[in-house]
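Note that my numbering has the sequence shown beginning at 94, numbered continuously upward. Just so you know, even glycine gets a beta-carbon here, dropped at the ideal spot from N, CA and C. Before any comments, here is the structure.
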Amino acid sequence: MSAATDTSTQDDDAQVQQEKNTTREGILVRRGQIWEDLDTRQSKRRVVIESVADGEAQVRDHYGTKHSTLSVSRMHRHSTGLRLVEPGELKYGAPTASSDETARR
């Protein structure tokens, strides 16, 4: 396989990953984002994205005590869905990115 074909395949894989990790509202789910659970039984639970791949997000609760997996397809504004929390809504300021996360931007 030539190097050009390799690069093309990697680009295709990256595009497929990006599509899987994008909500139906067009939001690309990324590490460090904070999402609020809209299910009234969850009492406004907020989760932080730890990582995302293949349409599944590894999350931790806002306090860092519980870890779970959420499907990106569930991340939309619906009574049982989630919504992205805007930085202005955070009580404790904007989340800080780790140094390696900042370097990748």
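Buried or exposed by the 16-neighbour rule on C-beta atoms within 10 Å, applied to residue i
i             : result
aspartate 106 : exposed
proline 188   : Since pLDDT at proline 188 reaches only 49, below the 50 mark, its modelled position is unreliable, and the value read off the structure follows with that caveat. With fewer than 16 other Cβ atoms within 10 Å, it is exposed.
Nearest candidate by alpha-carbon position, reference residue i, set the options
i             : options                : result
valine 109    : Gly148, Arg134, Ile127 : Gly148
arginine 176  : Tyr156, Val141, Asp104 : Val141
valine 178    : Glu143, Lys137, Asp104 : Lys137
glutamate 182 : Ser144, Glu129, Tyr156 : Glu129
arginine 123  : Arg153, Arg139, Ser144 : Ser144
glycine 157   : Ile127, His169, Leu121 : Ile127
Straight-line Cα distance separating residue j from residue i
i             : j             : result
glutamine 135 : alanine 146   : 25 Å
threonine 133 : threonine 102 : 43 Å
leucine 131   : glutamate 118 : 15 Å
glycine 174   : glutamine 151 : 16 Å
histidine 155 : proline 180   : 14 Å
lysine 159    : glycine 125   : 16 Å
serine 172    : arginine 139  : 15 Å
Any chain B beta carbon closer than 8 Å to residue i
i           : result
glycine 174 : Any reference to chain B falls outside this structure, which holds one protein chain only.
Quiz prompt | Touching by the beta-carbon criterion (3+ pairs, under 8 Å), the segment 107 to 116 and the segment 156 to 172 | solution = yes
Practice problem: Jot down the residue ranges of each uninterrupted beta strand (DSSP E) in the segment 133 to 157, minimum 3 residues, whole runs only, in chain order. | Solution: 139 to 146, 149 to 154
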